[in-house]
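Enquirer:
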Amino acid sequence: MSIKIAVVGGGFMGRLHARTVAESAEAELAAVVDRDPAAGRAAADELGTRHLPEVEDALNEDVDAFIVAVPDRAHVGPATTALRAGRPVLVEKPMADTLEGARAIDKAAAEGGTHVAVGQILRFDPRYAGAAAAVAAGDIGEPLPATAGRIAARDIGLRMDGSSSVLFYLGVHDVDAMQWVTGKRITRVYSRAVSKLMPSNGVRSEDAIFTVAELEDGTIGELFNGWTRRSDDPVSIDGRLEVVGTEGTVAVDVRDHGLRVYGDSGLATPDALHWPEVNARIRGDLAAEVRAFVAGVRDGAEFPVPTAAAMRNVAVNDAILRSVESGVPEDVEVVDRAESAAAGAGAVR
0 MSIKIAVVGG GFMGRLHART VAESAEAELA AVVDRDPAAG RAAADELGTR HLPEVEDALN
60 EDVDAFIVAV PDRAHVGPAT TALRAGRPVL VEKPMADTLE GARAIDKAAA EGGTHVAVGQ
120 ILRFDPRYAG AAAAVAAGDI GEPLPATAGR IAARDIGLRM DGSSSVLFYL GVHDVDAMQW
180 VTGKRITRVY SRAVSKLMPS NGVRSEDAIF TVAELEDGTI GELFNGWTRR SDDPVSIDGR
240 LEVVGTEGTV AVDVRDHGLR VYGDSGLATP DALHWPEVNA RIRGDLAAEV RAFVAGVRDG
300 AEFPVPTAAA MRNVAVNDAI LRSVESGVPE DVEVVDRAES AAAGAGAVR
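Written as structure tokens, this is what we have:
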């Protein structure tokens with residue numbers, strides 16, 4: 000059975016998701032949905048499918064499921080529309096850029112009797128999955144301090160141009176990784192930010208945010224995120240995770256993916272894990288994420304990212320922003336799932 004999927008978003012991430020669906024043996028790319036006719040038609044023409052301007056248009060075409068891959072601040076509208084109509088939705092991380100938005104999406108899934116999956120791509124990264132497995136197996140004993148973060152090139156922040164922020168575009172990865180790998184929830188944060196580069200270029204975002212986090216079992220954590228590296232830096236994203244335990248340490252280094260190319264323009268470290276092109280097809284973590292979503296729609300299989308976890312990530316980011324504003328530690332708000340959605344929290348139906 001081939002699942003008919005419409006991808007909402009004709010930009011960079013939308014095209015990646017749409018191409019991944021189009022190349023899948025288990026799914027059919029039914030349409031690219033985008034209110035921008037130029038972007039939508041270009042993406043649709045490139046992949047040999049239709050362009051539709053609104054989610055409602057795709058609902059009228061009997062689409063089975065949706066992937067929402069528009070800018071972070073625009074997730075709520077298309078996701079809630081599709082969910083209330085009873086269609087499963089995969090939302091590119093973050094679930095939303097506010098806790099209110101995440102709750103609205105969760106409520107829409109409950110109202111539609113369906114499920115929302117959130118694409119926290121590091122859950123499909125074998126390095127982070129290996130770290131989580133090692134901690135869960137007790138290989139390092141009880142976690143003590145944990146560090147997670149990434150510093151990206153400033154070009155990424157400039158390209159976002161206010162459609163996302165450093166905390167939701169980058170930081171949500173590391174908030175999720177810290178809670179997932181340690182197996183503990185972040186309960187309290189103290190955060191400080193610097194804002195020079197982005198505002199001087201007219202971009203509504205901080206340059207970097209650093210956070211001291213308290214976890215529910217007493218573990219302490221450090222989260223760091225920024226888009227401040229020079230554009231000519233060969234390491235476009237300096238990402239790291241380390242958890243030190245009573246019996247050992249687990250660490251992930253993502254400064255490169257093991258591939259380095261030296262050429263006329265200097266040193267480059269191309270992506271070899273998240274969405275590399277292998278034999279003319281998108282592979283890696285993104286392809287695994289889409290396969291998991293398709294399996295959930297088709298068979299009711301468990302999606303590897305619990306919706307409650309994705310909501311907690313947004314709640315942590317909300318507390319971080321409150322701490323940046325207040326200048327004092329802030330508690331992370333407890334997240335309560337919508338009742339009917341929580342009952343089917345793991346499966347995509």
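Per numbering that gives the first Met the number 0, the very first residue in the sequence shown carries number 0; after that it's consecutive. By construction, the Cβ of each residue, glycine as well, lies at the ideal position given by its N, Cα and C atoms.
I need the straight-line Cα distance from residue 92 to residue 179, nearest angstrom please.
Expert: If you take the alpha carbons of residue 92 and residue 179, they lie about 15 Å apart.
Enquirer: Quick one: which unbroken alpha helix (DSSP H) runs of 4-plus residues sit fully inside the region 261-289? Chain order, please.
Expert: As far as the region 261-289 is concerned, it has no whole alpha helix (DSSP H) run of at least 4 residues.
Enquirer: Please report the distance separating the alpha-carbon of residue 114 from that of residue 294.
Expert: When rounded, the distance between both Cα atoms is 13 Å.
Enquirer: For a minimum of 3 consecutive residues, which ranges assigned as the beta strand (DSSP E) are wholly contained in the region 22-58?
Expert: Correct list: 26-32, 49-51.
Enquirer: By Cβ distance, which residues of its chain are closer than 6 Å to residue 122, with the 5 residues on each side in sequence left out?
Expert: Excluding sequence neighbours, residue 122 sits near 303, 304.
Enquirer: In three-state terms, what does DSSP make of residue 210?
Expert: Note: residue 210 maps to strand in three-state DSSP.
Enquirer: Based on the DSSP output, what are the partners of residue 292 in its beta bridges?
Expert: BP columns for residue 292 are empty, so no partner.
Enquirer: Less than 7 Å between the C-beta atoms of residue 273 and residue 283, yes or no?
Expert: Yes, these two residues count as a Cβ contact at 7 Å.
Enquirer: Between residue 313 and residue 186, is the Cβ-Cβ spacing less than 7 Å?
Expert: Not a contact, by the Cβ cut-off of 7 Å.
Enquirer: Tell me whether residue 89 is buried or exposed, calling it buried when 16 or more other Cβ atoms sit within 10 Å of its Cβ.
Expert: By the 10 Å Cβ count, residue 89 comes out buried.
Enquirer: What separation, rounded to the nearest whole angstrom, lies between the Cα atoms of residue 386 and residue 118?
Expert: Residue 386 lies beyond the range of the chain shown here (0 to 348); nothing can be said about it.
Enquirer: Taking the DSSP output, what are the residues bridged to residue 226?
Expert: According to DSSP, which records beta bridges pairwise, residue 226 is partnered with 151.
Enquirer: Count the CB pairs spanning the region 235-249 and the region 125-145 that are closer than 8 Å, and state whether there are at least three.
Expert: These segments touch.
Enquirer: Can you confirm whether the region 62-70 touches the region 39-48 when touching is taken to mean that 3 or more C-beta pairs between the two stretches lie within less than 8 Å?
Expert: Verdict: no, contact absent.
Enquirer: Quick one: what's got a C-beta closer than 6 Å to residue 170's C-beta in the same chain, skipping five residues either side?
Expert: These residues qualify, in order along the chain: 224.
Enquirer: Quick check on DSSP: helix, strand or coil for residue 104?
Expert: Residue state, collapsed to three classes: helix.
Enquirer: Just the C-alpha distance for residue 4 and residue 125, rounded to the nearest angstrom, thanks.
Expert: If I take the Cα positions, the gap works out to 26 Å.
Enquirer: If I'm right that residue 139 touches residue 247 with Cβ under 8 Å, what's the distance once you round it to whole angstroms?
Expert: At roughly 4 Å, the Cβ-Cβ gap stays under 8 Å, so residue 139 and residue 247 are in contact.
Enquirer: Can you tell which of 321, 81, 106, 208 has the C-alpha that lies nearest to the C-alpha of residue 59?
Expert: It is 81.
Enquirer: Would residue 173 and residue 193 qualify as a contact pair, given that the criterion is a beta-carbon distance under 7 Å?
Expert: No; because the gap between Cβ atoms is not below 7 Å, this pair is not in contact.
Enquirer: Could you pull the start and end residues of the beta strand (DSSP E) that residue 244 belongs to?
Expert: Residue 244 -> beta strand (DSSP E) spans 236-244.
Enquirer: I think residue 151 touches residue 235, with their Cβ atoms under 8 Å apart; what is that distance to the nearest whole Å?
Expert: That pair is a contact at about 7 Å.
Enquirer: What does a CB cutoff of less than 8 Å around residue 325 pick up in its chain, not counting 5 residues either side in sequence?
Expert: Same-chain partners within the cutoff: there are none.
Enquirer: On the DSSP letters alone, give me the boundaries of the beta strand (DSSP E) that residue 196 sits inside.
Expert: Per DSSP, residue 196 belongs to no beta strand (DSSP E); it is in the alpha helix (DSSP H), 196-199.
Enquirer: Are the CB atoms of residue 163 and residue 70 within a distance shorter than 7 Å?
Expert: In contact: residue 70 and residue 163 (Cβ atoms closer than 7 Å).
Enquirer: For residue 285, tell me which candidate among 12, 98, 1, 320 has the shortest Cα-Cα distance.
Expert: Out of 12, 98, 1, 320, 12 has the C-alpha closest to the C-alpha of residue 285.
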